[in-house]
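A.B. asks: Chains as they are written, first to last, in this note's numbering: chain H, 94 to 582; chain L, 531 to 1148; chain E, -15 to 173; chain F, -9 to 115; chain R, -2 to 293.
Glycine included, C-beta positions come from ideal geometry on N, C-alpha and C.
Okay, here's the structure, questions in a sec.
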Amino acid sequence: MVNPVLLIAVPLGLAFALPLFGLISKRIVKYIPVVAFIFNFALALRLIPDVLKQAIVVEIGGFPPPFGINLVAGPVGVLFSALIALAGLLVAVYALAYITEGPKEKYHMLYLLLLAGATGVVLTGDIFNLFVFFEILCISSYALVAYIGDRAGIESAIKYLIQGAVGSSFLLIGIGLLYGLFGTLNMADLAQQIESASSISVFVPMVLIITGLGVEAAIFPLNAWLPDAHSSAPSSISAILSGIAIEVGLYAVVRVLFTIFGATNMFMFFAFLGVLTLLIGEMCAFAQNNIKRMLAYSSIGQMGLIVFAMAIATSYALTGGLFQLVSHTLGKGLLFLTAGYMIYRSGSMEISAFEGMGKRMPLTSLAFTIGAFSLVGLPPFVGFPSKFLIVRAALAKEEILFTVLIGLVLLGTVIEGAYFFRVVQVLYFKKANGNSERKDAPVAGLIPMVVFVAFILVMGIYPQLVIEVLNSAASELLHRMEYIRSVLG
Amino acid sequence: MSLELLLIVAFGGALLSYLFGKICPQIRDPFAVISSVALAVMMAFLYGKTMESPFYFGFLGLPLILRTNMLAWFFAMAISILGALSVIFSWDYVKDRERTDFYYLMLLLANASMLGIVFAGDFVSFFVFWEIMSWSTFLLISYNRGRALGAGMKYIIMSIVGSVSMLIGMLSLYAIYGTLHIATLSKLVPSASSGYLLFLFILFGIAFAIKNALMPLHTWLPDAYAESPTSFNGVLSGMLTRMGMYGFLLIIYVIVGAARALNLGPGIFKFNYILAWLGAITIVVSTFIALLQNDAKQLLGWSAIGQGGYMILGIAFGTSLGLAGGIFHTLNHAVYIVLLFMSVGAVQYRTGGQRDLDSLGGLIKRMPVSFIGALLGISGLIGIPLTNGFVSKWLIYKTLILEGHPFLAFAALIGTWGCILYCYKFVHHIFLGQLPEKYKMVARAPFSMQLPMIILSLVILLFGILPGIPLKVINTIGTSFGFQSLNVTTWGIASETGTLNTINIFAAVVAACVIVWLIFKAGPKAVPVAQEDTYAAGAAIPKDRYHYTVDFYNPLYRMISPYFKDFIGGFCIKLAGWTQNVCHGIRQMYTGYIGHYVMYIVLFLALLIFVQLKWSLW
Amino acid sequence: MDRNQIIKWLKAPAKMGHKYSLHAIYFCTGCGIIEVPPVITARWDAERFGVIPVATPRQANLFLITGYVSVKTLKAIIRTYEQMPSPKFTVGFGSCPINGGMYWDSYNTIKRLDKYIPIDGWIAGCMPRPEAIFVAVTHLWTLIDKDMADGYKRYRSNYHLYRANQEQLFGELEWPPLFPLEDQVEQIA
Amino acid sequence: MGISNAFDFLQNHVYYIGSFGLIFIGLFIMLVKHNLIKVIIGLSILETGVNLFLVSVGYISKGTAPIFSKSAMEAAPMVDPVPQALVLTAIVIGVAVLALALSLAIRLYHHYGVLDLRRIKELRW
Amino acid sequence: MRIVEVILAPILALLIGMFFLGLARKIMARIHWRYGPPITQPVIDVIRLFSQKSVSHGNMFTLGVLFSLACSLVLILFLPMGKICPLSSSGGMLVILYVMLLAPFGIALSGGEAANPNASIGISRKLTLALGYEVPLLVILLAVMTHYKTLSIVNIVSMQQNTSWALTSLPLFLSGIAYILILPAILGIRPFEITQAAQEISSGPMVEYGGSFLALATIQHGLNLFIGIALFVNLFLGGAGNPPIFFLKMLVVFVLGLFINAALPRLRIEQAMRYLWRWPTLIAFIGMIIVLIIRR
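So, in C-alpha cells, the structure goes:
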C-alpha cells in the first residue's frame, strides 16, 4: 500500500526544492514537473484498484479523524488526482518547449504548487485544509496568469485576484461559522452532525462556502474572472486553469453540497443555475472573435453542463457529470494547447488569423479539430459518451421539467457546435494569405497533443475504461453515509 | 459474409486510401475505386439474408448491434453502388485539386457511415454512424472554400439540431424501456401511450425531417448542394439526404408499427396527415422556388427538396401501394439526381467550374454523353413513362387518389408540372441553344465521368421498363412491415383500380417511334446546318450570347416570385442575426469593471440568503 | 411503264403540293407591301389559292420581294432566300426590283435583283394591283407544272457567280457559302 | 428588550459585531471605490474582519491561552486553540495575497499609468 | 381485334385531326367573310412540306419532333374512342396526363436546339401556358377520378354510360364548366395561341422548322386538337357507345371552340396565366370540394 500523501507531498516538496535544483543546473529545472507528475500519475493509477475496494484514509500525525487532519483517498479523490497528474504531466511536457521567456524557474515552481494545491483539495478530508490548498492553488494561479507580464496578463491577474480573494474570504467565514456550530473541521464529522443543527443556521455557512468555492468553479454570476484570466495566461496555464483549476473548484462545491450538507433540496436550484451558466457561457463564446476568450467562455458553458449533471443527483447523472468533467479536461486542455501554438504561429488571438492553419500546422489543426468535435459531443470522441450519460440521466427522471432543461442544455450544445465548427472551417477551408510555409509545433508540443488525442479517442470508443472508476466515484458522492463510515470507521 | 467485415472494408477503405494518398498517391485512386466496388459486390451477396449480431459490447454496457434485412439491404445496395459510381466519377474530377486525400477520406467515410446507419441494429450505433456522417459531410461541404463555408455552417448547425433532438428521443426510449435494441423496441413501443408516441415522432421527426429536408427544416440543403464539390453531390443528394427517409421508415413502420403510427392524433390532425401535408407543401413550394434559380446546382438542390416531399407523401398513408411508391421513389430519385449532378459535374469540369445557367449553352454538340445523361435524368425526374421516376410517381399518385386525398394528389401533380419547367430550363440553358465562343473547344467528359453516367442512364431505363425487378424487393419490405402484398409483375403492378403495364406502353412507344421515324425518313433528307444559320429576320446572328436564357420564364417569375421565396431560409438568417445580437447583449454583462464583478458575487450571496429567509425554499 | 413515268407519277402529289400550298414570306422592303394586306384578308382572300403568309423563311416556299431593294436590305434578302428550303420560288413585285424603278439613279438601291438571287417571276407596275398577285400565282402554277420555276436550281448551279456578285457589292460576306464554291458540277436538286 | 438586554447582547457579541462591521466596510470599499489601491485596502480590511471573526468563534470569555500547563487548566477554561491556528494560517495567506496584489498593482501602473479601475477595462465582454 | 384497333385508332385520329384543321381554317374564313381554302388544305400543306428539303440543327432537333409526335400517337391508344380503346387498361388517367405533357416537351427540346431566341421564347410561353392550364385541369381530373373512384378512363366512360353525363350531373357540373373554360388553352387556339404567335415571335418553337419537321409538327397539332377534345368528350359527355357518335360529339365541341377562337384576340402570356389561375381554377376547386362533400 502506497501512501496517498505522496501525491501532494512530492510536487509540493519538489516545488520548494526547485530553486535548489536551479542552482545546480538551469537546464534541468523544467524537467522537474515532468518527473513529478510521471510519479504522481503512476501512483494514482496504482492506487485505483485499491481505492475501488475501500477508501484509503490517511491520518496526518496519527490522530484519528475527528481530531487530526486526514486525507481521504476515495475513488473521487484518486480519479481527480489521476486526472490532475495526467493533465499536469502533459502540460509540463508541453511547457518544455513552450515556455521560453521570463523567469522560467518561477513558472515551474508555481506550476508545481498549483497542481499540488489542486491535488490537496481533492484528497483532503478536512475543510480548513481544503481552504488552505485552495489558496495555494489560487495564489499560484494568480501569479501564473500574470506570468507574461503584459497589459492583459496583469489586468486579468489583478481582477482574478480580487474576486478570488473575496471568494476565499466568504469561504473562510463559512468555515468559521461551521466550526462555531459544530466545533469540528473534519468533513465526515461535519456531515455526521449536520442534521443536528437548525436548517437556517446551516444554510448560511453553506451558501457562504458555495459562493466562495463557486468563484473558482465558474458558476454563473461568479465567473467574471474566468474569460479574462484564461485568455491572458500563457496557453499552457490556460489549459491547466480550464482543465484542472475550475474542475477542482467544482469538485469542492460538489463535495460540500453532497457530502457535508447533503443538500438535496438545493439541487433543483443548481440544475437551473447550471443550465443558465451553460447557456450564458455558450452564448458569450458564440459572440467571440478571440480564440482564447472563446475557449474560456466555452469552459463556463461546460461547467454549467457539469453542474446541471451533478444537480440531477442520480448515479447515472453523477457518472455522466464526472465523465463530462474528464472529457472536458481532455478536450479543453487539448484545445488550449493547440491554440497556444497556433497563436504563436499566427501572432494573433483573432480567429481570422488562423486562416490556412490546416496547411501550415496540419497536426496541430487536426488535434484542435478532434478536441472541438469531442467537446461538441460527436462520436467517436470522448465527449459523446459523457453527454450521452447526462442526457439519459436527465430523461430517466421522467419529469417534464428535466426534459425541458435537457432541451435547453442541448440547445447550448448546438451553439457550441456553431462556434467550434466555425473555427474548424477557418482552420481548413480558408486560404492562408501570406505565409503558408508548413511548420508544425515542436515535438515537445506535439507529444502532449497526441496523447490527449489518444485519450480522447480511446475513451470515446471504449468508455468502459473509466466507467468503473466513475461509477464508484459517483456512488461515493451520492452515498454520504458510506463516506462518513469509511472515514470515521 | 459478416456485416462487421463489410463495415471494416468500408471504414478501412476510407482510412487506407487516405494513407495511400500520403504514401504513394498513384495507387490511391485505384484503391478507392476497387474498395468501393468491392463493397458493392459484397453487398450484392447479402441479398435476402437476415441476420443480427452484436459487434461491440463496450459502449456503456450497451451492445452495439449490426443487423440486416431486406430494408437495410435495399438501402445499403443503393448506397454502395451510388457510392462506387461517385468514387469513379471523382477520379478525374478532383484530380487537379488540393487536398484530395482529405476529399477521398471524407467521401468514403460518409459512404461507410451511411452503411453503418442502415445496418445499425440499435440506436446507439445508429446515432454514432449518423454523427460520423454529419461531420464528414460537413467537412466535405466546406471543401470548396468561399461560399461553401456558410453552406457548411448551415448544414452542421441544422444537423446538430437534428441529432440533438434524436438524442433526446432515443434516450427517452432508453430511459423508459432500458434498451436501445431496435428489434426489442419494436415489440415494446407499440403499446406506449399516444402522447409518448407523439413525443417520439416529433423528436425523431425533427431529426429525419432535417436530413430529408422536409419543408420548414430544409434550409441547409440548397446551399449545401450548390457549394459542395459536385463529385460529392452524388453521395450527398442520392442517399445521404435520404437517410432521413430511412429514419422515417424505421421509426414509423419498424419501431412504432403501422397500426399505431397511422392512427395517432385527433381527426384531421393525425400525425401522418400532418406529415403528408408537410410533404405536399414541400413539393409545391420547393418546385416553384427551383423554377426561380439560376444556378444549376441550386436548382437541383431545390428539386431534391421537392422530391423528398414525394417520398414522404408516399409513405405517409401506410398503404402497401404508397409505401412501395415512397421507397421506390427514394431509389429512383437517388439514381437520377446522381446522374444529373454528374452531368453538371462533367460540364463544370470542362468549363472551369461554370454552373451559372445563364452563362452556358449549346454543350450538346461538345458533350453528348453528358447531355444524354442530363436528358434521361430529367426524364426520370419528371417521370416520363418508361423511365424509373414514372413508376414510383404513378404509385404515389394512385395512392393519394384512391385514399381520397385529391388535394394532396394535386400538390404532387402540380409539383411534377412545375418540375417540367425547371427541368427544361436546366437542359435548355446548359446543353441546348447557342454554344458560346469560349466553349467552342470544350472536350468531352473523360471516361471516368462518362462511365457512371452511362451506367446510371441504363439503370433509369431498366427500372422504367422493368419496374418489377426493384418492386419485388420493395414488396418484400412492405410485407415485412405487415402490409398486404402487392400484385407485382415484371412489367408493373396489376390491380382493379388501374393497372400499370409498362410493356404495353413500351411497345406502343417503340411502335409509334418506328412509325414516325419511317414517315420522317420518307421525306427528303434533312440538311444539317451550322448553328449560326438560324432565322434572325435576315440578319447574320451575333457570334455570342444569342441564347435566350436570362429570365427565361419571365412572366411566370413575375407572378410567382413575390409568393415563392425562401422565407424560411431568410428567417433562419434573421434568426442567426438575432442570436448574434442576443449573444452580444449578454456578454455586455462582463463589463470589465472589477466593482461590478465583486457586486455579482455579493449579490449572489445576498440573494440566496434573502430568498431563504423570505420564503424558506431550501 | 418506264422508270421516268413512275418517278413522274410519284412526284405528282409533291408537285400538286408545291402548287397549291404556296406559303409566302413577304419581304416588306418598300411601298409594295401595302398591297399585301388586302390580298390576304377578306377582300381578296389569297387563302383560297393556298397562299398564306408564314413567319419564317424555313416554313415558306414563296418569296415575294415587294418594292425597292436597298443595299442593306439585299443582305437580308439573300440570307432569307438561302434559308428557305427548296423547292422555293421568288417573285419580284413592282418595278423597283426589276430595274430600279423610280430609284434608278439612287446610289443606294439595287437596280437588278436577279443579279443576286434568282427570280422566277416578275410583277410589273408601280404599284401593281392585288389582282396582279393572283395572276402571278396562277402563272407560277403553270411554271411549276412545267418544271420551269427552277430558280433554286439555277442558284445552286451558278452559286459561284451569284456569290461573286454578292461579294462584289458587299465585300466579304458574314456568312459562309451555302454551297461549296469549288463544286462547279451541275446538279439537279 | 430593554436597554440592559441590548447592552448585554452588545457585550456578548461585540467581536462578532466588530468583525462583521469590518467585513461590510471592506466589501463596501471594494464595491464603491475606483482606485485600485483603495480596493486592495478594502480587501485587506475584509480579511482582517474575517480573521477577527475566526478568532472570536473560538474565544471564550475570560479564557486563558491554550497552553497546556497544570495551573492554566485549573484557573480558567482555555480558549479553543483550533481557530487561532486557523487564523494564523489565514493571516499568512492574506499577506501573500496582499503582497501579490500590490506587486500586480505596481505592474499595472507601469502599463496603464493610472490606477483608476474604470479606465482599466481592456479585457471585457 | 386488339391489333386492328391499335392500327385503326391512330389512323382515325390522324384523319380526324387533319379534318379538324381544315375545318378550322374553313370555318374561320367563313366567319371572316372569306371564301376560305378547300377543306383538304392542311393535307396539301403536309404533302408539300414532306416533299421539301429541310434543315436540321442537330440530332435533338430531329428527335424532339419525332418524340413529340410519337407521344401523341401513343396517347391516342390510351384514349377510348367509342368502343375503340386499344390500351386503355395499361395505365389509366395518369399515363394520359403524363403523355399529354410530353408532346410539348418534345417540341420544346427540339426547338431549344435551334439556338433561336424566338424558339426559346415560344417554348418558355408554351411551358408556362401548360403549367397555367394544368393547374385547373389537374383539379378537374382529380375531381373526376375521386368521384368515380377509379383511374381507368374506360371505367369512367362506362359509369357515365350507365347513369348520366358528368357534365349534366351535379357533382361534376362545375368541373365540366371549368374544363370548357380552359379548353382553348389545351387546344392552343385563340385566345391562347400565345406560343406560336406568328406575328410576334415568328411561330415560336417552330421557327426553324421546315419541310418534314413542320409537317410532323402540323400533324402533331392536329392530334393535339383531337386529344384535348376527346378527353373532354370522354370525361364529361359520357364518351360514346360507338365511334360515329363519339366523333359527332367531338365535332360539336370543336366547332363551339372555333367560335371562341374566331371571336377573341390573343392574350398576353401573363394575362392568360392570370385568367387560368383565377376563374377556371376557382371553379374547379369549388367543383372538387363539392365532389368531396358528396363523397363523404
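Keeping to the same chain, check which residues put their C-beta closer than 8 Å to that of VAL1141(L); ignore five residues upstream and five downstream.
C.D. replies: The residue given as residue 1141(L) occupies position 611 in the second sequence. Same-chain partners within the cutoff: LEU1147.
A.B. asks: Using the beta-carbon of each residue, which ones in chain R are nearer than 7 Å to PRO(-3)(E)?
C.D. replies: In the third sequence, residue -3(E) corresponds to position 13, counting from 1. Those within 7 Å of PRO(-3)(E) in chain R are ILE44.
A.B. asks: Mind listing the chain L neighbours of LYS524(H)? Cutoff is C-beta to C-beta under 8 Å, in chain order.
C.D. replies: For the purposes of this step, residue 524(H) is taken as residue 431 along the first sequence, with counting starting at 1. Counting only Cβ-Cβ distances below 8 Å, LYS524(H) has contacts in chain L at ARG675, in chain order.
A.B. asks: Check the Cβ-Cβ distances between ARG147(E) and every residue of chain L, and say whether any is below 7 Å.
C.D. replies: Reading the third sequence from its first residue, position 163 is the one you call residue 147(E). Chain L, which has no Cβ nearer than 7 Å to the Cβ of ARG147(E), makes this no.
A.B. asks: Measuring only the C-alpha atoms, how far is THR147(R) from TRP924(L)?
C.D. replies: Mapped onto the fifth sequence, residue 147(R) falls at position 150. Mapped onto the second sequence, residue 924(L) falls at position 394. Rounded to the nearest angstrom, the two C-alpha atoms are 14 Å apart.
A.B. asks: Per DSSP, which residues does PRO1058(L) bridge with? Please list them.
C.D. replies: Looking up residue 1058(L) in the second sequence gives position 528. The partner list for PRO1058(L) (beta bridge, DSSP) reads SER53(R).
A.B. asks: Just tell me which of LEU319(H), GLN518(H), LEU494(H), ALA404(H) has its CA closest to the CA of ALA250(H).
C.D. replies: Mapped onto the first sequence, residue 250(H) falls at position 157. When LEU319(H), GLN518(H), LEU494(H), ALA404(H) are compared, the shortest CA-CA separation from ALA250(H) is found for LEU319(H).
A.B. asks: Hey, out of TRP665(L), LEU615(L), ILE732(L), LEU822(L), whose CA is closest to THR1079(L)'s CA?
C.D. replies: Position 549 of the second sequence, counting from 1, holds the residue named residue 1079(L). It is LEU822(L).
A.B. asks: Using 7 Å as the threshold, is the C-beta distance between ILE104(R) and PRO202(R) below it?
C.D. replies: Counting from 1 along the fifth sequence, the entry for residue 104(R) is found at position 107. Counting from 1 along the fifth sequence, the entry for residue 202(R) is found at position 205. Result yes, Cβ atoms of ILE104(R) and PRO202(R) sit closer than 7 Å.
A.B. asks: Please report how far the alpha carbon of SER155(R) lies from the alpha carbon of ILE291(R), in whole angstroms.
C.D. replies: Within the fifth sequence, numbered from 1, the residue matching residue 155(R) stands at position 158. Within the fifth sequence, numbered from 1, the residue matching residue 291(R) stands at position 294. Those two C-alpha atoms are separated by around 20 Å.
A.B. asks: Can you tell me where the alpha helix (DSSP H) with HIS201(H) in it begins and where it stops?
C.D. replies: As a working mapping, residue 201(H) is identified with position 108 in the first sequence. Where HIS201(H) is concerned, the enclosing alpha helix (DSSP H) starts and stops at 197 to 216.
A.B. asks: Helix, strand or coil for PRO584(L), going by three-state DSSP, please let me know.
C.D. replies: As a first step, residue 584(L) is located in the second sequence; it is residue number 54 there, counting from the start. Reduced to three states, the DSSP call for PRO584(L) is strand.
A.B. asks: According to the neighbour-count rule (16 or more other Cβ atoms, all chains shown, within 10 Å of its Cβ), is PHE(-3)(F) buried or exposed?
C.D. replies: If you number the fourth sequence from 1, residue -3(F) lands on position 7. So PHE(-3)(F) counts as exposed.
A.B. asks: Taking C-beta to C-beta, are LEU306(H) and THR412(H) nearer than 7 Å?
C.D. replies: Walking along the first sequence from the start, residue 306(H) turns up at place 213. Walking along the first sequence from the start, residue 412(H) turns up at place 319. Contact flag unset, no.
A.B. asks: Given this structure, state the Cα-to-Cα distance separating PRO298(H) from SER292(H), to the nearest angstrom.
C.D. replies: The sequence position of residue 298(H) within the first sequence is 205, counting from 1. The sequence position of residue 292(H) within the first sequence is 199, counting from 1. CA-to-CA, the gap between PRO298(H) and SER292(H) works out to about 11 Å.
A.B. asks: Any beta carbon of chain H sitting closer than 7 Å to that of ILE83(F)?
C.D. replies: The residue labelled residue 83(F) in the question sits at position 93 within the fourth sequence. Answer yes: the Cβ-Cβ gap between ILE83(F) and chain H drops below 7 Å somewhere.
A.B. asks: List the endpoints of the continuous beta strand (DSSP E) containing TYR10(E).
C.D. replies: Stepping through the third sequence from its first residue, residue 10(E) is reached at position 26. Unbroken beta strand (DSSP E) run through TYR10(E): 7 to 11.
A.B. asks: Give a yes or no on whether 7 Å exceeds the smallest Cβ distance from SER107(R) to chain E.
C.D. replies: Numbered from its first residue, the fifth sequence carries residue 107(R) at position 110. So, not an interface residue.
A.B. asks: GLN828(L): buried (16+ other C-beta within 10 angstroms of its C-beta) or exposed?
C.D. replies: For this step, residue 828(L) is matched to residue 298 along the second sequence. Under this definition GLN828(L) is a buried residue.
A.B. asks: Leaving out the 5 sequence neighbours to the left and right, which residues in its chain are closer than 6 Å to GLU509(H) when beta-carbon positions are compared?
C.D. replies: Mapped onto the first sequence, residue 509(H) falls at position 416. Correct list, in chain order: GLU375, VAL469.
A.B. asks: In terms of DSSP beta bridges, what is GLU152(H) paired with?
C.D. replies: Here residue 152(H) is taken as the residue at index 59 of the first sequence, counted from 1. Paired residues: ASN163(H).
A.B. asks: So THR50(E) is in the beta strand (DSSP E); what residue range does that whole segment cover?
C.D. replies: Stepping through the third sequence from its first residue, residue 50(E) is reached at position 66. DSSP places THR50(E) in the uninterrupted beta strand (DSSP E) bounded by 46 to 50.
A.B. asks: From the DSSP output, read off the bridge partner residues of GLU443(H).
C.D. replies: For this step, residue 443(H) is matched to residue 350 along the first sequence. ASN383(H), per the DSSP bridge assignment.
A.B. asks: From which residue to which residue does the alpha helix (DSSP H) around LEU33(F) run?
C.D. replies: Position 43 of the fourth sequence holds residue 33(F). That run of the alpha helix (DSSP H) goes 26 to 48.
A.B. asks: So which residues of chain E does LYS123(R) contact, with C-beta pairs closer than 8 Å?
C.D. replies: Position 126 of the fifth sequence, counted from the start, is the residue given in the question as residue 123(R). Those within 8 Å of LYS123(R) in chain E number zero; the least Cβ separation is about 15 Å.
A.B. asks: Rounded C-beta distance between LEU271(H) and ILE303(H)? I'm assuming under 8 Å.
C.D. replies: The residue you call residue 271(H) lines up with position 178 of the first sequence. The residue you call residue 303(H) lines up with position 210 of the first sequence. The pair is not a contact, with the Cβ atoms about 12 Å apart (cut-off 8 Å).
A.B. asks: Can you give me the Cβ contacts of ILE540(H) inside the same chain, cut-off strictly under 6 Å, excluding the 5 residues immediately before and after it?
C.D. replies: Position 447 of the first sequence holds residue 540(H). Only VAL186 meet the Cβ criterion.
A.B. asks: Can you list the residues of chain E that ASP1063(L) reaches, using a CB-CB cut of under 8 Å?
C.D. replies: Mapped onto the second sequence, residue 1063(L) falls at position 533. Within 8 Å Cβ-Cβ: GLN67, TRP159.
A.B. asks: With a threshold of 8 Å on Cβ separation, who are the neighbours of TYR1083(L) within its own chain once the five nearest residues in sequence on each side are excluded?
C.D. replies: Taking the second sequence and counting its residues from 1, the one referred to as residue 1083(L) is at position 553. These residues qualify, in order along the chain: LEU821, LEU951, LYS955.
A.B. asks: Could you check whether the Cβ of TRP947(L) sits closer than 7 Å to any Cβ belonging to chain R?
C.D. replies: Residue mapping note: residue 947(L) aligns to position 417 of the second sequence, counting from 1. A Cβ of chain R is located within less than 7 Å of the beta carbon of TRP947(L).
A.B. asks: For CYS377(H), which residues of its own chain have a beta-carbon under 8 Å away from its beta-carbon, when the five flanking residues on both sides are left out?
C.D. replies: Counted from its first residue, the first sequence places residue 377(H) at position 284. Result list for CYS377(H): PRO320, TYR390, ILE393, in chain order.
A.B. asks: So, with DSSP's three-state summary, where would you put ALA108(H)?
C.D. replies: Sequence index remark: in the first sequence, residue 108(H) carries index 15 (1-based). Looking at ALA108(H) - three-state DSSP - the assignment turns out to be helix.
A.B. asks: Specify whether the segment 558 to 573 of chain L and the segment 614 to 623 of chain L touch according to this definition: at least 3 beta carbon pairs, one from each stretch, less than 8 Å apart.
C.D. replies: yes
A.B. asks: Tell whether a beta-carbon distance below 7 Å holds between PHE522(H) and LEU679(L).
C.D. replies: The residue given as residue 522(H) occupies position 429 in the first sequence. The residue given as residue 679(L) occupies position 149 in the second sequence. PHE522(H) places its beta carbon less than 7 Å from that of LEU679(L).
A.B. asks: Please report the residue range of the beta strand (DSSP E) in which GLY76(E) lies.
C.D. replies: Taking the third sequence and counting its residues from 1, the one referred to as residue 76(E) is at position 92. From DSSP, the beta strand (DSSP E) with GLY76(E) extends over 73 to 77.
A.B. asks: Using three-state DSSP, classify ILE785(L) as helix, strand or coil.
C.D. replies: For the purposes of this step, residue 785(L) is identified with residue 255 of the second sequence, where counting begins at 1. ILE785(L): helix per DSSP, three-state reduction.
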